[in-house]
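A.B. asks: Residue numbers (numbering that gives the first Met the number 0), protein chains in the order written: chain Y, 0 to 426; chain E, 0 to 279; chain L, 0 to 292.
Here a beta-carbon is modelled for each residue, glycine too, at the ideal position from N, C-alpha and C.
This is the structure I have questions about; it appears just below.
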Amino acid sequence: MKKLILLVFGLCMAVVVAACSGEEASSGNKNEVSMWVHTSNETAEGKEMQSLIDQFNEENEEGYTAKIEFIPRSGSGGGYEDKINAALTTDTLPDVLTLDGPNTAAYAEAGMIAPIGDYISNKDDLLPSIIQQGTYNDELYAVGYSESGVGIFYNKQMLEDAGVDLATLPTVEEPWDWNEFMDLNETLVKEYDQPAIDMGLKDQSEWLMYAFTPFLWSQGGSIVSEDGTKATGFFNDENSVKTMSFIQEMVEKGYTTKTPVEKGFQTGKYPMMMTGSWTIAEMKSSYPDVNYGVMPYPTSPDTNELVSPSGSWQYAMSATTDKEEAAAALIDFLTQTEALTKISLANSVLPAATSVIEEIRGEVSPQMQVLIDQNAKSAHARPVLPGYPKVSRTFQETISDVTYFEENQDIQKLLNTKSSQIDKALQ
Amino acid sequence: MSKPVKRIIEYSFLTLLASIFIFPMIWMIASSMKPEGDIYVDMGTIQSFFPSINPSEWFQTYQALFERFDVLKYVFNSVMYAVIVTAGSIVVNAMAGYAFAKFNFTGKKFLFGLLLSLLIVPMETLIITQFTVAHELGILNTRMAVVLPMLANMLFIYLFRNFFKAVPDEIIESVQLDGANYWTIFWKIILPMSKPAIATVGTLSFIASWNDYLWPLMVLTDTEKFPLQVAITNINSTPPVYTNQVMAILTLSTIPLIIVYIVAQKYLLQGLGGSGTGIK
Amino acid sequence: MKKLNSSMNLPAYLFLSPALVLMGLFLIIPALMAIYYAFTDYYLLTPDNKQFVGLDNFIEIFKDPIFLQSLKNIVLFVVCVIPIQIGAALGLALLINKNRRGNIFFKIAYFAPVVLSLVVISVLWLYLLNPSEGLINVLLEKVGIEAQPFLSSPKQALYTIVFVSAWQGAGYQMLIFLAGLQNIPSSVYEASKIDGANKWQNFIHITLPLLRPTTLLIMITTFIAAFKLIIQPMVMTQGGPMNSTMTPVYYIYQSGFSDRLIGYSSAMTVVFGIVIGLVTIVQNKLSKGDDGS
Chain Y
0 MKKLILLVFG LCMAVVVAAC SGEEASSGNK NEVSMWVHTS NETAEGKEMQ SLIDQFNEEN
60 EEGYTAKIEF IPRSGSGGGY EDKINAALTT DTLPDVLTLD GPNTAAYAEA GMIAPIGDYI
120 SNKDDLLPSI IQQGTYNDEL YAVGYSESGV GIFYNKQMLE DAGVDLATLP TVEEPWDWNE
180 FMDLNETLVK EYDQPAIDMG LKDQSEWLMY AFTPFLWSQG GSIVSEDGTK ATGFFNDENS
240 VKTMSFIQEM VEKGYTTKTP VEKGFQTGKY PMMMTGSWTI AEMKSSYPDV NYGVMPYPTS
300 PDTNELVSPS GSWQYAMSAT TDKEEAAAAL IDFLTQTEAL TKISLANSVL PAATSVIEEI
360 RGEVSPQMQV LIDQNAKSAH ARPVLPGYPK VSRTFQETIS DVTYFEENQD IQKLLNTKSS
420 QIDKALQ
Chain E
0 MSKPVKRIIE YSFLTLLASI FIFPMIWMIA SSMKPEGDIY VDMGTIQSFF PSINPSEWFQ
60 TYQALFERFD VLKYVFNSVM YAVIVTAGSI VVNAMAGYAF AKFNFTGKKF LFGLLLSLLI
120 VPMETLIITQ FTVAHELGIL NTRMAVVLPM LANMLFIYLF RNFFKAVPDE IIESVQLDGA
180 NYWTIFWKII LPMSKPAIAT VGTLSFIASW NDYLWPLMVL TDTEKFPLQV AITNINSTPP
240 VYTNQVMAIL TLSTIPLIIV YIVAQKYLLQ GLGGSGTGIK
Chain L
0 MKKLNSSMNL PAYLFLSPAL VLMGLFLIIP ALMAIYYAFT DYYLLTPDNK QFVGLDNFIE
60 IFKDPIFLQS LKNIVLFVVC VIPIQIGAAL GLALLINKNR RGNIFFKIAY FAPVVLSLVV
120 ISVLWLYLLN PSEGLINVLL EKVGIEAQPF LSSPKQALYT IVFVSAWQGA GYQMLIFLAG
180 LQNIPSSVYE ASKIDGANKW QNFIHITLPL LRPTTLLIMI TTFIAAFKLI IQPMVMTQGG
240 PMNSTMTPVY YIYQSGFSDR LIGYSSAMTV VFGIVIGLVT IVQNKLSKGD DGS
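Here you go:
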C-alpha cells in the first residue's frame with residue numbers, strides 16, 4: 000500500500016517537475032525576433048533560410064537578430080498550420096511566420112498578421128501575382144519569397160513518333176487555345192490508344208483549385224464576385240459552364256483520365272502531363288533519359304488570353320509582436336533581390352521578383368525558363384478570401400464531379416448547386 | 000490423406016494467405032533498394048517485388064537518405080518516446096484494469112461505463128484543446144508533453160481487466176493471508192501472470208507512440224526532440240519527393256516495430272494456458 | 000475479497016488514479032470543452048471572440064447534406080466491415096495459435112499491414128485497384144469478369160474501402176484475440192480431449208464461450224473505431240467521388256481544421272457522439288453483454 004501511494008505521489012511529482020522545467024523562457028532580448036517556418040532544416044529550402052538568417056544576424060546594422068524554428072509541415076500545410084492555430088489560442092505566436100498564399104485573407108481578417116507594405120523596400124520589383132496574393136483590403140500583409148507555376152510537360156520522342164512537328168508547338172508568346180490543344184490530344188490518343196495527358200485529376204486536393212482555375216479565368220469567368228460576397232451569378236454563368244464543359248470533354252473523349260497510373264508521364268506511358276516546376280527537379284534526378292519540353296497553358300478560344308497558376312509560401316509579421324521594427328527589418332531583408340535569388344536557386348523554384356528573373360537567366364534549364372516566362376506574363380493568384388478553404392474545396396468537388404460525365408451531364412445544374420454552397424461559405 | 004500431403008496443403012494455404020498480407024511490405028523493401036525511376040517502370044511486373052538487379056545500387060538510397068537527414072537522431076528520439084510510453088502505458092493501464100477486475104468500490108459501474116463511452120470521442124478533433132491543456136500545465140516543448148497523453152487508454156484498461164478477472168481469487172486470497180499488500184499482489188503476482196496481456200498492450204502502445212506525428216510536432220518546437228515520423232512526413236511532402244527514399248525511411252521505421260512484435264509474441268504464448276504460472 | 004467493503008475504495012481509487020488523472024486532463028477536459036464550443040460560433044483564428052449561439056449549430060447540422068450523407072456512409076461501412084474484420088481476425092488468430100515450424104513468418108505476415116505506413120498501403124492499393132492498369136482488374140479479366148472502377152466509382156468506392164480497412168486492421172484484433180486465446184487454460188482442452196471431442200466441437204463448445212469477454216471487448220472497440228473511420232478515405236479518396244466515402248469524423252475534421260469552424264465541428268462531434276453512444280448501448284443490450292462488474 001505504501002508503495003502504491005508512493006508511486007502515485009511520484010507520478011504527480013513528475014508532472015510538477017516537468018511543468019517547472021518546461022517552456023523555455025521567451026527571449027527577453029528586445030532585438031531578437033522569433034520566426035517559424037513550415038519546412039525542415041534538412042531541406043535545401045530550410046538550409047538556405049538558416050544561412051540567410053545567419054547572414055541577417057551578422058549584417059544587420061540596427062543590431063537586430065533572429066532565431067528560426069523549423070516546423071515541417073505535412074502535405075499542403077497540415078501540422079504546421081495546426082501548430083499556428085494552437086499557438087493562437089495560447090497567445091504564443093512567433094514574431095515572424097510563413098504562411099501559404101491562400102491563408103492571407105483569413106489571417107489578415109482575424110487580425111493575426113499586421114500590414115507590412117510600408118516596410119518592404121523592394122515592393123515595385125515583386126511580381127504582380129505576388130502582390131495580388133499578399134494583399135487584403137488594399138493592404139500588403141504578406142510577401143511571397145518564390146513563385147510556382149504549371150505547364151504542359153510533353154515527351155518529345157512520343158510526340159514526334161505520333162507525327163507532331165515540335166516546331167509548331169505553342170509558346171508563351173503564342174499559346175494554343177483549347178481546340179488546338181484538344182486536336183493534339185486526339186492525335187496522341189489515336190497513336191497510343193490511351194489517355195494523352197495526366198492532368199492530376201486523381202487527387203481531390205488543392206491541386207484542382209490551383210491548376211484548374213486558370214482555365215476559368217482565361218475564359219473571362221470567376222468563382223466569386225469582385226467584392227468576394229457571392230458566387231451565384233458568377234460560378235454558374237456562361238463562362239463557368241463553358242470552362243467546365245471543356246474539362247468534361249477532356250475526360251469524356253478519353254484525352255485525360257481521372258484515374259491515371261502513378262508517374263505515367265515519367266515512365267513514358269503518357270505523352271503529356273500537366274504539372275509544376277517541382278517535376279523538373281524530379282525528371283533531372285530520377286528520369287534523366289526522358290527528353291521532354293514544356294508548353295504554356297491552353298487558353299480559351301473566346302479570349303485567347305494566357306492565364307497560368309501561381310502561388311507560394313510567404314513571410315508575414317504577427318500582429319501581436321512587440322518587436323515590430325525588428326520583425327519588419329527581417330522581412331525586408333528576406334525579400335531583397337539577393338535573398339530571393341538565393342532561395343530560388345537553392346530550392347529550384349520560380350523567382351518572385353523581376354530582378355531575380357534577370358539574375359538567374361541562363362542559370363536555369365530551358366524547361367524552367369518557359370515556366371518563368373509564363374509566370375512573368377500571365378500568373379494569376381488564387382482569390383484572397385477569408386472563407387477560402389471551403390470555397391476551394393467546393394471548387395475541387397466541382398472539378399471532380401464534372402469528370403463524372405455520366406452522372407453530371409447537366410453542368411448548369413451542377414454549377415447552380417455548387418454556387419449556392421459557396422455563397423453559404425462566404426456569408 | 001497422408002500426413003505429408005496434409006502438411007503441404009496447410010503450408011500452401013498459410014503461405015498464400017501470408018502473401019496477401021505481406022506483399023506491400025516486400026514491395027516497400029524492394030523499392031527502397033532500387034533507383035527511383037525503376038520503381039514505376041517495374042510497377043505491375045514481378046520485378047517490382049525484387050530489389051535492383053545490380054547489388055551495388057541496393058544501399059545507394061540509404062546512403063543518400065543518411066546524407067540528407069540525420070536519421071539516427073530521429074530514430075533515437077522515437078525509440079525513447081516509444082519505450083517510455085510502452086512502459087508507462089503498461090503500468091498505468093494495468094493498475095486501472097486491476098482496480099476494475101478485483102476491487103469493489105463505489106461508482107465502479109458508472110466509472111467503467113463513463114470511460115468506455117470516452118472511446119467514442121474522436122481524438123483527431125480534440126487536438127487544439129489538448130494543446131491548451133498542455134500549455135496550462137506548462138509542459139510544452141518538453142519530452143513529457145509527448146509522452147503523457149499517450150499513456151492512459153481505455154481499450155488497454157479493458158483488456159487488462161478481462162485478463163485479471165480470469166486470475167482466480169483464491170490465489171490472491173492465499174497470498175493475502177501471507178500478509179502481502181495490494182501493491183505486492185499486483186506487482187509480484189498479478190502482473191507476472193499476465194504476460195500475454197502485457198505483450199499485447201506493450202506492442203500496441205509501442206506502435207501507437209511510434210506512429211504519432213501530429214501531437215509531437217505541436218508540442219515540440221525544438222528540432223532536436225522531433226521523432227522519426229516528423230522526418231518521414233517531411234521526406235514524403237517536400238518536393239521533389241523521391242519514392243525510393245520514402246520507402247527507405249519507411250523500411251527503417253518498420254524494423255523496430257517488427258522487432259518489438261517478434262519479442263512480444265514470444266510472451267504471448269505464455270498465458271494462463273502455458274507454463275510458468277502454475278495454474279492449470 | 001468479494002464482499003462489498005467501503006474500505007476498498009481507497010486502494011481502488013489509488014490504483015485508478017494515474018489513469019484517471021491522465022484521462023481527465025487529456026480526454027475529459029478537452030471533450031467537455033468541445034461540448035461547450037458546440038454552442039458557440041468559435042472561429043479557429045479568433046479564439047478570444049466566441050459568442051454563445053444556442054442551438055444554431057445543431058439546426059444547421061441537420062440541414063447539412065454532406066453530414067447527413069456521411070452518417071449514411073458510415074452506417075453502411077460499419078455494417079459491412081465489422082463481420083469481415085472480426086471474422087478475419089479470429090480466423091487468423093486461430094490459424095497461428097499453434098506451434099509449427101516457420102510459424103513466426105506467418106505471424107509477422109498477418110500482422111504486417113498493422114505496422115505498415117499508410118503511405119505504402121495507399122500507393123499500392125491505388126495501383127492495384129486502378130481501373131485500367133491495376134493487377135486486380137487484370138486478374139478479373141482473366142477469369143472473364145469485366146474490369147471494375149473500384150475507388151473511382153461512387154457506387155463501389157465505399158465497399159472498396161471496407162475491404163482495404165478490414166485487410167489492414169484485422170491484424171490488430173488478431174493480436175488481442177491471441178492474448179484472449181492464451182487466457183483459456185489448456186487443461187480445459189485436455190479434459191475435452193479425453194471426452195473424445197473433435198476440433199470443431201472444441202471450437203464451438205470451449206473456445207468460443209471462453210473467448211466471450213475478449214470477443215465482446217473486440218466487438219465494442221472495433222465497432223467504435225470503425226465509426227471513427229477517417230484515415231483510409233483521407234489518403235485514398237479524399238471523401239470522394241461525390242462524397243460517397245465522406246465519413247463523419249473526416250467531415251468534422253475538415254470543418255474544424257480546414258474551414259476553421261470549431262463551433263460547428265464541435266456540434267457535429269456532439270451529435271455524432273450521441274449517435275454512436277446510442278448504437279453502442281443498443282448493441283450492448285442485444286449481446287446481453289457483461290456488465291462491467
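Leaving aside the five residues before and after residue 213/E along the sequence, list all residues of the same chain whose C-beta is less than 8 angstroms from its C-beta, in chain order.
C.D. replies: Start at 1 with the first residue of the second sequence, and residue 213/E comes out as number 214. So the qualifying residues of the chain are 126.
A.B. asks: Under a three-way DSSP split, which group does residue 214/E fall into?
C.D. replies: For the purposes of this step, residue 214/E is taken as residue 215 along the second sequence, with counting starting at 1. Helix at residue 214/E.
A.B. asks: Which of the residues in the region 269-294 of chain Y, read from start to end, lie with their CB under 7 angstroms from any CB of chain L?
C.D. replies: So the list is empty, because no residue satisfies the distance condition.
A.B. asks: If you draw a straight line from the C-alpha of residue 282/Y to the C-alpha of residue 39/E, how long is it?
C.D. replies: Position 283 of the first sequence, counting from 1, holds the residue named residue 282/Y. Position 40 of the second sequence, counting from 1, holds the residue named residue 39/E. Taking the straight line joining both Cα atoms gives about 13 angstroms.
A.B. asks: Looking at the secondary structure, which residues open and close the beta strand (DSSP E) in which residue 32/E lies?
C.D. replies: In the second sequence, residue 32/E corresponds to position 33, counting from 1. Segment: none, residue 32/E is in no beta strand (DSSP E) and carries neither H nor E.
A.B. asks: CA-CA distance, residue 191/L and residue 160/E?
C.D. replies: The sequence position of residue 191/L within the third sequence is 192, counting from 1. The sequence position of residue 160/E within the second sequence is 161, counting from 1. Using only the alpha carbons, I get a separation of about 27 angstroms.
A.B. asks: Give the DSSP-derived three-state secondary structure of residue 397/Y in the structure shown.
C.D. replies: The residue given as residue 397/Y occupies position 398 in the first sequence. Three-state DSSP puts residue 397/Y in a helix.
A.B. asks: So what does DSSP say about residue 239/L, is it helix, strand or coil?
C.D. replies: Here residue 239/L is taken as the residue at index 240 of the third sequence, counted from 1. Three-state result, residue 239/L: coil.
A.B. asks: Chain L partners of residue 212/E, CB-CB under 8 angstroms?
C.D. replies: For the purposes of this step, residue 212/E is taken as the residue at position 213 of the second sequence. None at all; the shortest Cβ gap to chain L is about 11 angstroms.
A.B. asks: In three-state terms, what does DSSP make of residue 35/Y?
C.D. replies: By one-based count along the first sequence, residue 35/Y stands at place 36. Strand, per DSSP.
A.B. asks: Tell me the rounded alpha-carbon separation between residue 1/E and residue 9/E.
C.D. replies: Here residue 1/E is taken as the residue at index 2 of the second sequence, counted from 1. Here residue 9/E is taken as the residue at index 10 of the second sequence, counted from 1. Approximately 12 angstroms between the Cα atoms of the pair.
A.B. asks: I'd like to know whether the C-beta atoms of residue 292/Y and residue 152/Y end up nearer to each other than 9 angstroms.
C.D. replies: What you label residue 292/Y is simply residue 293 of the first sequence in a count that begins at 1. What you label residue 152/Y is simply residue 153 of the first sequence in a count that begins at 1. In contact: residue 292/Y and residue 152/Y (Cβ atoms closer than 9 angstroms).
A.B. asks: Can you list, in chain order, the residues of its chain whose CB lies under 6 angstroms from that of residue 39/Y, leaving out five sequence neighbours each side?
C.D. replies: The residue you call residue 39/Y lines up with position 40 of the first sequence. The answer, listed in chain order, is 45, 69, 71.
A.B. asks: Roughly how many angstroms separate the alpha carbons of residue 24/L and residue 134/E, rounded to a whole number?
C.D. replies: Start at 1 with the first residue of the third sequence, and residue 24/L comes out as number 25. Start at 1 with the first residue of the second sequence, and residue 134/E comes out as number 135. Going by the C-alpha atoms only, they are around 12 angstroms apart.
A.B. asks: Could you give the distance in angstroms between the alpha-carbon of residue 376/Y and the alpha-carbon of residue 174/Y?
C.D. replies: Mapped onto the first sequence, residue 376/Y falls at position 377. Mapped onto the first sequence, residue 174/Y falls at position 175. Near 12 angstroms, if we compare the C-alpha coordinates of residue 174/Y and residue 376/Y.
A.B. asks: Does DSSP put residue 294/Y in a helix, a strand or coil?
C.D. replies: For the purposes of this step, residue 294/Y is taken as residue 295 along the first sequence, with counting starting at 1. It is a strand residue.
A.B. asks: What does the alpha-carbon distance come out to for the pair residue 249/Y and residue 399/Y?
C.D. replies: Numbered from 1 along the first sequence, position 250 holds the residue referred to as residue 249/Y. Numbered from 1 along the first sequence, position 400 holds the residue referred to as residue 399/Y. When rounded, the distance between both Cα atoms is 13 angstroms.
A.B. asks: Roughly how many angstroms lie between the CA atoms of residue 140/E and residue 85/Y, to the nearest whole one?
C.D. replies: As a first step, residue 140/E must be located in the second sequence, where it is residue number 141. As a first step, residue 85/Y must be located in the first sequence, where it is residue number 86. Near 13 angstroms, if we compare the C-alpha coordinates of residue 85/Y and residue 140/E.
A.B. asks: Any beta carbon of chain E sitting closer than 9 angstroms to that of residue 265/L?
C.D. replies: Here residue 265/L refers to the residue found at position 266 of the third sequence. Yes, residue 265/L lies at the interface with chain E (some Cβ there is under 9 angstroms from its Cβ).
A.B. asks: From residue 193/L to residue 184/L, what does the alpha carbon distance come to, in whole angstroms?
C.D. replies: Translated into the one-based positions of the third sequence, residue 193/L becomes position 194. Translated into the one-based positions of the third sequence, residue 184/L becomes position 185. Cα-Cα distance, rounded: 15 angstroms.
A.B. asks: Along the chain, where does the beta strand (DSSP E) containing residue 78/E start, and where does it finish?
C.D. replies: What you label residue 78/E is simply residue 79 of the second sequence in a count that begins at 1. Element bounds for residue 78/E: not the beta strand (DSSP E) but the alpha helix (DSSP H), 70-101.
A.B. asks: If we cut at 9 angstroms on Cβ distances, does residue 177/E have a partner in chain Y?
C.D. replies: As a working note, residue 177/E is residue 178 in the second sequence. Chain Y, which has no Cβ nearer than 9 angstroms to the Cβ of residue 177/E, makes this no.
A.B. asks: The beta strand (DSSP E) spanning residue 141/Y covers which residue range?
C.D. replies: Taking the first sequence and counting its residues from 1, the one referred to as residue 141/Y is at position 142. Counting along the chain, the beta strand (DSSP E) containing residue 141/Y begins and ends at 141-143.
A.B. asks: Who are the Cβ neighbours of residue 151/E in its own chain at under 6 angstroms, not counting the five residues just before and after it?
C.D. replies: Stepping through the second sequence from its first residue, residue 151/E is reached at position 152. Contacts found: 91.
A.B. asks: Could you tell me if residue 103/L is buried or exposed, where buried requires 16 or more neighbouring beta carbons within 10 angstroms of its beta carbon?
C.D. replies: One-based indexing of the third sequence puts residue 103/L at position 104. Residue 103/L is exposed by the Cβ-count criterion.
A.B. asks: Within 9 angstroms (strictly less), CB to CB, does residue 116/L reach chain Y?
C.D. replies: The sequence position of residue 116/L within the third sequence is 117, counting from 1. No, residue 116/L does not count as interfacial toward chain Y.
A.B. asks: So if DSSP puts residue 349/Y in a beta bridge, which residue, or which two residues, is it bridged to?
C.D. replies: Position 350 of the first sequence holds residue 349/Y. Residue 349/Y is bridged to 146/Y.
A.B. asks: To the nearest angstrom, how far is it from the Cα of residue 188/L to the Cα of residue 179/L?
C.D. replies: Along the third sequence, read from residue 1 onward, the residue named residue 188/L stands at position 189. Along the third sequence, read from residue 1 onward, the residue named residue 179/L stands at position 180. Roughly 15 angstroms separates the two Cα atoms.
A.B. asks: Does residue 154/Y come out as helix, strand or coil in the three-state DSSP assignment?
C.D. replies: Residue numbering aside, residue 154/Y sits at position 155 when the first sequence is read from its first letter. Strand.
A.B. asks: Mind listing the chain Y neighbours of residue 213/L? Cutoff is C-beta to C-beta under 8 angstroms, in chain order.
C.D. replies: Locating residue 213/L in the third sequence gives position 214, counting from the first residue. Here the premise fails: no neighbours, minimum Cβ distance about 28 angstroms.
A.B. asks: Pull up the distance between the alpha-carbon of residue 96/Y and that of residue 348/Y, whole angstroms please.
C.D. replies: Your numbering for residue 96/Y matches position 97 in the first sequence. Your numbering for residue 348/Y matches position 349 in the first sequence. Looking at the two C-alpha atoms, the distance is approximately 20 angstroms.
A.B. asks: Please list the residues of the region 256-283 of chain L that have a C-beta atom closer than 8 angstroms to any C-beta atom in chain Y, keeping them in chain order.
C.D. replies: Residues 256, 257, 258, 259.
A.B. asks: For residue 91/Y, which of helix, strand or coil comes out of DSSP?
C.D. replies: Here residue 91/Y corresponds to residue number 92 of the first sequence, with the count starting at 1. It is coil, neither helix nor strand.
A.B. asks: Check whether the Cβ atoms of residue 15/L and residue 110/E sit closer than 9 angstroms, and answer yes or no.
C.D. replies: For this step, residue 15/L is matched to residue 16 along the third sequence. For this step, residue 110/E is matched to residue 111 along the second sequence. Yes, the pair counts as a contact, with Cβ atoms nearer than the cut-off.
A.B. asks: Show which residues of chain Y have a CB atom less than 7 angstroms away from the CB atom of residue 240/L.
C.D. replies: The residue labelled residue 240/L in the question sits at position 241 within the third sequence. Those are 399, 403, listed as they occur along chain Y.
A.B. asks: For the putative contact between residue 261/L and residue 126/L, defined by C-beta atoms under 8 angstroms, what is the C-beta separation to the nearest angstrom?
C.D. replies: Taking the third sequence and counting its residues from 1, one reaches residue 261/L at position 262. Taking the third sequence and counting its residues from 1, one reaches residue 126/L at position 127. Not confirmed; about 37 angstroms, so no contact.
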